[in-house]
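Some notes on the structure that comes next.
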Amino acid sequence: MLSDLTIRVLAQPFFAGLTIGLVRELCECATAETFPAGATIFAEGGPADAFWLLEHGKVALGLHVPGRGDQVIETIGPGTVLGWSWLHPPYRWHFGANAIEPVTAVRFDAAAVRLRCETDPEFGYAMLSRLTPIITERLQATRLRLLDLWGRP
Amino acid sequence: MTAPVPYRVVDRRVETADTVTLELVGEDGPAFAPGQFAMLTAYGIGEVPISLSGGGRGGRLIHTLRNVGAVTAALHGAAPGQMIGVRGPFGTTWDVDAARGHDVVIVAGGIGLAPLRPVVEAVLARRDEFGRVSVLVGARTPGDLLYPADLRRWRQRADVRTIVDRPADGWTGEVGLVTTLIPRAEADPDNTVAYLCGPEVMMRFVAEALIRRGLAGHDIHVSLERDMRCGAGWCGHCQLGPLLLCRDGPVFRYDRVEPLLRVREL
Numbered sequence: 001m002l003s004d005l006t007i008r009v010l011a012q013p014f015f016a017g018l019t020i021g022l023v024r025e026l027c028e029c030a031t032a033e034t035f036p037a038g039a040t041i042f043a044e045g046g047p048a049d050a051f052w053l054l055e056h057g058k059v060a061l062g063l064h065v066p067g068r069g070d071q072v073i074e075t076i077g078p079g080t081v082l083g084w085s086w087l088h089p090p091y092r093w094h095f096g097a098n099a100i101e102p103v104t105a106v107r108f109d110a111a112a113v114r115l116r117c118e119t120d121p122e123f124g125y126a127m128l129s130r131l132t133p134i135i136t137e138r139l140q141a142t143r144l145r146l147l148d149l150w151g152r153p
Numbered sequence: 154m155t156a157p158v159p160y161r162v163v164d165r166r167v168e169t170a171d172t173v174t175l176e177l178v179g180e181d182g183p184a185f186a187p188g189q190f191a192m193l194t195a196y197g198i199g200e201v202p203i204s205l206s207g208g209g210r211g212g213r214l215i216h217t218l219r220n221v222g223a224v225t226a227a228l229h230g231a232a233p234g235q236m237i238g239v240r241g242p243f244g245t246t247w248d249v250d251a252a253r254g255h256d257v258v259i260v261a262g263g264i265g266l267a268p269l270r271p272v273v274e275a276v277l278a279r280r281d282e283f284g285r286v287s288v289l290v291g292a293r294t295p296g297d298l299l300y301p302a303d304l305r306r307w308r309q310r311a312d313v314r315t316i317v318d319r320p321a322d323g324w325t326g327e328v329g330l331v332t333t334l335i336p337r338a339e340a341d342p343d344n345t346v347a348y349l350c351g352p353e354v355m356m357r358f359v360a361e362a363l364i365r366r367g368l369a370g371h372d373i374h375v376s377l378e379r380d381m382r383c384g385a386g387w388c389g390h391c392q393l394g395p396l397l398l399c400r401d402g403p404v405f406r407y408d409r410v411e412p413l414l415r416v417r418e419l
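Listed in order, the protein sequences are those of chains A and B.
Under my numbering, the letters of the first sequence match residues 1 to 153, in that order.
Under my numbering, the letters of the second sequence match residues 154 to 419, in that order.
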């Protein structure tokens, strides 16, 4: 019998290909969470103690720039993962995250997931092989934005 | 090479700080189809290739153009009543019928929405013949988004998403590159036809993102641009490998041009 949370996680393409056993393990570190529009999910510089699988709603990643206020750097939406500062020390958020629409998500406890990654290499490899493409894609998108391609006719 | 035919500017709409849409009327000549382009002449200055962004029949042409040089500056400033020279139509067309019965994903970057506007209009005019329709539009800033009234109208019949690199105060939409919208486009990868137009590098990355989602290269259509001068395949300025974009393009299936997009210019 699968828990509701496990069924929700299995429905997301992000974890496609994971065995049910690994998803169950992952969901032992998970809770359901919702945020109203405008809520702060985490603040820049705060402890990176979780990550979220977004099911509904949009989130703005931003940074406070003195003299310019809060600057949105990127928005992310359903089907992807919010947060990867939990992967490596110092486990602090580099950017802040705010819900710009009501958000439904599955929250994973970072310390518990890290511990499982370290003690179960199969679990750890499966997690990293799903997280690294997202990191790579966002890095590539950021590099393209640096090119400011719109300047050409 | 034929001489430019005089067309009168009957309407000029400011789209963004550097972009206008001109409506031109001339004698009824050959019909222009979506995807094709005209060589527009600013008399006494020169001519430039500009894609069709509306009209095309009955001597009525709509072109959206950006002020980026001497000729486009003159065209950009053309007021209603002024005459503009037109040669064309030139080039290949968007194969909208290829998407009948399929989901449709239309991805535009910046002024790349202009050549795709007739595709969106054609699909929405025959909405029942297509599956789900996604229109994904990227721009540098919210102020650079073309056709805001059209975007609002299209939203009633399609999934329209806009994204900008640099948000302005009050912008509550998406921020990032248009490629990041691809995973969320409502489309079945095995049953989708995509149409792309924008900066060439952007199109390459969008096409790669679509292929990662499972689309085939032959189901992705792109509009390429090089330095088009004659419009008839004579001068060679727009050569890309074995292709002359003004004659063989500008619209191609992605599987045909993908290997050429990484060839460095001489």
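Yeah, the Cβ is synthetic: ideal placement off N, Cα and C, and Gly gets one too.
Reduced DSSP category for residue i - H, G, I as helix; E, B as strand; rest coil
i, result
"Ser85 (chain A)", "helix"
"Glu118 (chain A)", "helix"
"Arg92 (chain A)", "strand"
"His140 (chain B)", "What the structure shows of chain B is the stretch from 154 to 419, and residue 140 (chain B) is not part of that stretch, so it cannot be assessed."
"Arg368 (chain B)", "In the sequence on display, residue 368 (chain B) carries Leu and not Arg. It is coil, neither helix nor strand."
"Asn344 (chain B)", "helix"
"Val178 (chain B)", "strand"
"Ile198 (chain B)", "coil"
"Val59 (chain A)", "strand"
"Arg329 (chain B)", "The question names Arg, yet the displayed sequence has Gly at residue 329 (chain B). Note: Gly329 (chain B) maps to coil in three-state DSSP."
"Gln309 (chain B)", "coil"
"Arg68 (chain A)", "coil"
"Ile134 (chain A)", "helix"
"Ile472 (chain B)", "Shown here, chain B extends from 154 to 419; a query on residue 472 (chain B) therefore has no answer."
"Ser376 (chain B)", "strand"
Other residues of its chain near residue i: CB distance less than 6 Å, five sequence neighbours each side excluded
i, result
"Glu33 (chain A)", "Ala105, Arg107"
"Ala60 (chain A)", "Val72, Thr75, Asn98, Ile100"
"Gly389 (chain B)", "none"
"Ala30 (chain A)", "Leu5, Val106, Phe108"
"Leu377 (chain B)", "Leu398, Gly402, Pro403"
C-alpha distance - residue i paired with residue j, whole-angstrom precision
i, j, result
"His94 (chain A)", "Tyr348 (chain B)", "37 Å"
"Trp52 (chain A)", "Leu368 (chain B)", "28 Å"
"Thr249 (chain B)", "Cys383 (chain B)", "Here residue 249 (chain B) turns out to be Val, not Thr, going by the sequence shown. Roughly 27 Å separates the two Cα atoms."
"Asp281 (chain B)", "Pro66 (chain A)", "51 Å"
"Val346 (chain B)", "Ala362 (chain B)", "14 Å"
"Arg308 (chain B)", "Pro89 (chain A)", "44 Å"
"Pro153 (chain A)", "Ala340 (chain B)", "Caution applies to Pro153 (chain A), whose pLDDT of 46 falls short of 50 and renders its modelled position unreliable; the value that the coordinates give is listed next. If I take the Cα positions, the gap works out to 30 Å."
"Leu413 (chain B)", "Gly394 (chain B)", "6 Å"
"Pro320 (chain B)", "Thr333 (chain B)", "16 Å"
"Val23 (chain A)", "Asp120 (chain A)", "13 Å"
"Gly45 (chain A)", "Trp84 (chain A)", "13 Å"
"Ala112 (chain A)", "Met356 (chain B)", "41 Å"
"Gly351 (chain B)", "Thr19 (chain A)", "40 Å"
"Glu28 (chain A)", "Lys58 (chain A)", "25 Å"
"Phe15 (chain A)", "Val81 (chain A)", "10 Å"
"Gly199 (chain B)", "Val221 (chain B)", "13 Å"
"Ile364 (chain B)", "Pro187 (chain B)", "25 Å"
"Pro102 (chain A)", "Thr136 (chain A)", "27 Å"
"Leu26 (chain A)", "Leu304 (chain B)", "41 Å"
"Phe358 (chain B)", "Gln140 (chain A)", "9 Å"
"Ala302 (chain B)", "Leu146 (chain A)", "29 Å"
"Ile237 (chain B)", "Val158 (chain B)", "8 Å"
"Leu266 (chain B)", "Trp150 (chain A)", "12 Å"
"Gly77 (chain A)", "His56 (chain A)", "7 Å"
Chain-ordered chain A contacts of residue i [CB-CB under 7 Å]
i, result
"Gly263 (chain B)", "Trp150"
"Gly329 (chain B)", "Glu74, Thr75, Ala141"
"Phe405 (chain B)", "Neighbours of Phe405 (chain B) on chain A: none; closest Cβ ~19 Å, over 7 Å."
"Thr345 (chain B)", "Those do not exist, as Thr345 (chain B) stays about 16 Å from chain A at its closest Cβ, beyond 7 Å."
"Ala333 (chain B)", "Residue 333 (chain B) is actually Thr in this sequence, not Ala. In chain order: Ala141."
Close beta carbons around residue i, own chain, < 8 Å, minus the five adjacent residues each side
i, result
"Phe185 (chain B)", "Ala191, Leu205, Gly208, Gly209, Arg210, Leu214, Gly241, Pro242"
Beta-carbon neighbours of residue i, restricted to chain B and to distances below 7 Å
i, result
"Arg145 (chain A)", "Asp318, Leu330"
"Ile135 (chain A)", "Neighbours of Ile135 (chain A) on chain B: none; closest Cβ ~13 Å, over 7 Å."
Where residue i meets chain B, residues with beta-carbon distance less than 8 Å
i, result
"Pro78 (chain A)", "Arg337"
"Ala60 (chain A)", "Val328"
"Ile100 (chain A)", "Thr325"
Short CB-CB distance (under 8 Å) between residue i and chain E
i, result
"Ala112 (chain A)", "The question asks about chain E, but that chain is absent: this structure's protein chains are A and B."
Neighbour list for residue i in chain A, Cβ cutoff strictly below 8 Å
i, result
"Pro292 (chain B)", "A quick correction: the sequence has Ala, not Pro, at residue 292 (chain B). Simply Trp150."
"Met381 (chain B)", "Ordered by position in chain A, no residue passes the 8 Å Cβ test against Met381 (chain B), which lies about 12 Å from the chain."
"Met355 (chain B)", "Leu144, Leu149"
"Asp297 (chain B)", "Trp150"
Chain-ordered chain A contacts of residue i [CB-CB under 9 Å]
i, result
"Phe358 (chain B)", "Gln140, Ala141, Leu144"
"Thr217 (chain B)", "None at all; the shortest Cβ gap to chain A is about 12 Å."
Chain-order list of residues whose beta-carbon lies under 7 Å from that of residue i (same chain, five-residue window excluded)
i, result
"Ala232 (chain B)", "Val162, Arg165"
- Message: If we require 3 or more residues per run, which beta strand (DSSP E) segments fall completely within the region 229 to 295 of chain B?
- Response: Entirely contained in the region 229 to 295 of chain B, the beta strand (DSSP E) runs reaching 3 residues are, in chain order, 236 to 243, 256 to 262, 286 to 292.
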